[in-house]
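Residue numbers (our numbering): 2 to 87.
Cβ atoms here follow ideal geometry from the backbone N, Cα and C, with glycine treated the same way.
Report on the structure given below.
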Amino acid sequence: MPKEQYMCQLCANHGIFNQPKKGHKQKCPHRNCICSLCALNTKRRALDQIERQLKSASNEAKNEASASKSADGKTEFCYDRAFRKI
Numbered sequence: 002m003p004k005e006q007y008m009c010q011l012c013a014n015h016g017i018f019n020q021p022k023k024g025h026k027q028k029c030p031h032r033n034c035i036c037s038l039c040a041l042n043t044k045r046r047a048l049d050q051i052e053r054q055l056k057s058a059s060n061e062a063k064n065e066a067s068a069s070k071s072a073d074g075k076t077e078f079c080y081d082r083a084f085r086k087i
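Encoded structure:
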């Protein structure tokens, strides 16, 4: 069973539905298009990027919080094992 390929959404906005995304970024004829559909796609990408950054920051904060539990005396960080109970 073949692996699913991602298609270029900018080309799909303009009626070209079979353009694979891989290796197409620099050659896309609609790369600099400012039509309403392409603008919506650009905004979605920006929002997705912000969402990924927030999720990453949240995960880092959780990791720091779990590592700082050793100050409470509940857990201690050990380099040969992730965490151990005291």
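Residue i versus residue j - alpha carbon distance
i: Pro21; j: Ala66; result: 42 Å
i: Ser57; j: Leu48; result: 14 Å
i: Lys23; j: Cys29; result: 11 Å
Counted within 10 angstroms of its Cβ, other Cβ atoms place residue i as buried (16 or more) or exposed
i: Asn11; result: Asn is not the amino acid found at residue 11; the sequence shown has Leu there. Counting Cβ neighbours within 10 Å, Leu11 comes out buried, since at least 16 surround it.
Contact check, residue i vs residue j, beta carbons under 7 Å
i: Cys39; j: His25; result: no
Beta-ladder partner(s) of residue i, from DSSP
i: Pro21; result: Met8
Contact with chain B by residue i, beta-carbon distance below 7 Å
i: Ile51; result: The chain inventory of the structure shown lacks chain B, comprising one protein chain alone.
Query raised in the report: Would you call the region 25-43 and the region 55-64 in contact, with 3 or more CB pairs under 8 Å?
Result: no
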